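Right, one structure below, let's go through it.
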Amino acid sequence: MPPRRHPVRYTLWLARTGAAPKTLSLPAWVPLAVVLILLVWSGLNLWLWQRTAEMRSLQIQLVSLSDQARKLNNQLAAERTRNNALSQDAQSILKQLQVLEAEINALRERAGMPKIKLTPTRNEGGGRGGDSKPVALEDVLQHASQQTKAFSQELSEVSPALNETLEREAAMPYGYPIRGHTRITSYFGYRRNPFGWGFEFHNGIDFPASYGAPVQVTGAGVVVEAGWKGPFGLAVVVDHGYGYRTLYGHLSSISVRVGQRLERGDVVGRVGSTGRSTGPHLHYTVFRNGSEVNPARHLD
Ligand SMILES: [Zn+2]
């Protein structure tokens, strides 16, 4: 009969003062299990400690990263603000260019030249309707420098034409020959003969005025006649160029000489009643290419 194997057991003696010791009989696997548990636990602890260290370092990295991110964000915001400001500058440059273009076109119109289109419309280049994309500053600046060249070229071209227009306008008879005297006693055209029977053609306009009132030339020009002129008595004729001449008649005195250059408003003489006249008044005639025209068209 084989000897019966007893299972190995450990007995734990727990000594107590003044009392019988306590014994604890344990199967053999228990201390093994305890040792194993201790090993696992300390391993776990080690692992956890390592993880915590890793976590801490990760946390530090994270803080530094988020710091960097915040800084970058701030920079981005600043950049965006700067870009917005630049974009607004660009818009204002575009607006100014448009104003300039309008002014140049006004000048061109004044000079009798056709209008031009220099600044492109904002939505050029495939922007969908109402889609207000911010204008790229470089584009605007490049465009602006081109435009400025085009504008100055434009102005140098408009300038002579405009000067001619302004000269012509300064020369064209315009306004009343006696300041503040807008009353008319005799109009241009056929009228009853003031000296006898029937009708006669009156080739100008008569302005009643007191004797000696100053008579002013109605446009820039050169005096071509200054003296006695038959029925007009003492008279002055001024050549304005562009086919225009004006005559001031029945004067009491003349204050200009033939060949004298006059600007609009210069006094040519004083109101009188010389020649074929019934009382102090100014006879005013406007000639266009040698024939008399209605001066009324040149008053206002
Ligand atoms: Zn008259």
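Residue numbers (the working numbering): 2 to 301. Glycine included, each C-beta is placed from N, C-alpha and C at the ideal position. Just so we're clear, the structure is a prediction, and the values are computed from it rather than from any experiment.
Fill in: Extent of the continuous beta strand (DSSP E) to which serine 1 belongs
The chain is shown from 2 up to 301; residue 1 falls before or after that span and cannot be answered.
Item to complete: Could you confirm whether any beta carbon from chain B is found closer than 9 Å to the beta carbon of alanine 78?
Response: Within the model displayed, chain B is absent; a lone protein chain is all it includes.
Discussion item. I need the straight-line Cα distance from threonine 159 to asparagine 74, nearest angstrom please.
Written reply: It should be noted that the sequence gives valine, not threonine, for residue 159. Spanning the two alpha carbons is a distance of roughly 52 Å.
Worksheet item: The alpha helix (DSSP H) with serine 58 in it runs from where to where?
Response: 30–111
Worksheet item: If you compare alpha carbons, which of Leu263, Leu25, Gly228 is closest to threonine 275?
Response: Gly228
Worksheet entry | For review: beta carbons within less than 5 Å of any heavy atom in ligand 1 | Close to ligand 1, as judged by a C-beta nearer than 5 Å to any of its heavy atoms, are the residues Asp207, His284, in chain order.
Discussion item. Tell me which residues share the same chain as arginine 169 and place their Cβ nearer than 6 Å to its Cβ, disregarding the 5 neighbours each side in the sequence.
Written reply: Tyr243
Practice prompt. Would you kindly work out how many angstroms separate the C-alpha atoms of isoleucine 38 and arginine 71, rounded to a whole number?
Written response: 47 Å
Practice prompt. Enumerate in chain order the residues of its own chain whose CB-to-CB distance from lysine 116 is below 8 Å, with the five nearest sequence positions on each side excluded.
Written response: Around lysine 116: Asn106, Arg109, Glu110.
Discussion item. What ranges does the beta strand (DSSP E) occupy inside the region 244–288, keeping only unbroken runs of at least 3 residues that lie completely in it?
Written reply: Segments of the beta strand (DSSP E) lying fully in the region 244–288: 245–255, 268–272.
Fill in: the region 202–209 touching the region 276–295, judged by at least three CB pairs closer than 8 Å
yes
Worksheet item: Since leucine 25 sits in a beta bridge, which residues does DSSP pair it with?
Response: Leu13
Discussion item. Pairs of beta-carbons, one from the region 87–94 and one from the region 136–143, closer than 8 Å: are there three or more?
Written reply: yes
Discussion item. Give me, in chain order, the residues of the same chain whose beta-carbon lies closer than 6 Å to that of glycine 126; leave out the 5 immediate sequence neighbours on both sides.
Written reply: Model confidence at glycine 126 stands at a pLDDT of 46, short of 50, so the residue's coordinates are unreliable and nothing is read from them.
Worksheet item: In the DSSP assignment, what residue or residues form a beta bridge with alanine 236?
Response: Gly228
Discussion item. Restricting to Cα atoms, I'd like to know which of Gly199, Ser43, Glu155, Ala112 is closest to glutamate 165.
Written reply: The residue among Gly199, Ser43, Glu155, Ala112 with its C-alpha nearest the C-alpha of glutamate 165 is Ala112.
Discussion item. Tell me the DSSP secondary structure of valine 294 in three-state form.
Written reply: strand
Worksheet entry | histidine 241 to alanine 221 span [Cα, whole Å] | 6 Å
Worksheet entry | Beta-carbon separation (whole angstroms), arginine 258 vs valine 224, contact threshold 8 Å | 6 Å
Discussion item. Using the Cβ count rule (16 or more neighbours within 10 Å means buried), how would you classify glutamine 148?
Written reply: Looking at its Cβ environment, which holds 16 or more other Cβ atoms inside 10 Å, glutamine 148 is buried.
Practice prompt. Could you name the residues of the same chain whose beta carbon sits closer than 6 Å to that of leucine 87, not counting the 5 residues immediately before and after it, in chain order?
Written response: Leu138, listed in sequence order.
Item to complete: Pick out whichever of Glu264, Tyr245, Arg246, Gly270 has its Cα sitting closest to the Cα of serine 256.
Response: Here the closest residue by C-alpha is Gly270.
Worksheet item: What are the complete beta strand (DSSP E) segments, minimum 3 residues, inside the region 162–222?
Response: Considered as a whole, the region 162–222 harbours 190–193, 200–203, 206–209, 215–217 as its complete beta strand (DSSP E) runs of no fewer than 3 residues, in chain order.
Worksheet item: According to DSSP, what are the bridge partners of glycine 1?
Response: No answer is possible for residue 1: it lies beyond the span of the chain, which begins at 2 and ends at 301.
Item to complete: May I have the straight-line CA-CA distance separating valine 239 from valine 268, to the nearest angstrom?
Response: 12 Å
Item to complete: Leaving out five residues on either side along the sequence, give the residues of the same chain with a beta carbon under 7 Å from the beta carbon of valine 41.
Response: The answer is none, since no qualifying residue turns up.
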